[in-house]
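Be aware that the sequence shown starts at 184, since it is given in this note's numbering, and climbs by one per residue. Structure first, commentary second.
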Amino acid sequence: MLVRAGSHQALVDRVLVAVGCHADLGRLNLLQVGCALDGQGVPLHHPEHLRLVRLPIYIAGDAVGGEGGLLRAAQQGRVAGYNACHRTPIGCKAKAGLGVVYCEPTIARVGCAWSALDHQ
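Structure, rendered in structure tokens:
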């Protein structure tokens, strides 16, 4: 894959994309390299290995959509970085959701939301 940035270019085997806390995927021209997007504009990717469908490009964090969070993004970043550098991919296991809300009076919520539970 040929990667260009300004007047620089490089031929690479794999790409790891880090775009910050607000995924600015529009500037990456992913459609130009054949990346398919879902209805929300999120690149189609393998949810466990974080590789784009049919492309050697790995994404993590806000770029994959879904629930956000620094811990989740960090875990996905480690997995995507590892998989971009190795032939045998590792998986990104789903962790329990964590929600933090600051309010007055001080209250806490631990665990899944009631609507996310299996009520059987």
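Glycine residues also receive a C-beta, built at the ideal position from the N, C-alpha and C atoms. Note that the structure is a prediction, hence the values are computed from the model and not measured.
State the Cα-Cα distance for the pair residue i and residue j, rounded to the nearest angstrom.
i: glutamine 259; j: alanine 243; result: 5 Å
i: alanine 296; j: tyrosine 241; result: 30 Å
i: arginine 270; j: valine 262; result: 13 Å
i: aspartate 196; j: alanine 219; result: 19 Å
i: leucine 214; j: histidine 302; result: 41 Å
In terms of residues, what are the limits of the beta strand (DSSP E) holding residue i?
i: glutamine 223; result: Looking at the DSSP string, glutamine 223 is not in any beta strand (DSSP E), and its letter there is neither H nor E.
i: arginine 270; result: Here arginine 270 belongs to no beta strand (DSSP E), and DSSP marks it neither H nor E.
i: alanine 188; result: 185-188
i: leucine 194; result: 191-194
When we look at the beta-carbon of residue i and count the other beta-carbons within 10 Å, is it buried (16 or more) or exposed?
i: valine 186; result: exposed
i: leucine 228; result: In the sequence under discussion, the amino acid at residue 228 is histidine, which differs from the leucine named in the question. Answer is buried; the Cβ neighbour count reaches 16.
i: asparagine 266; result: buried
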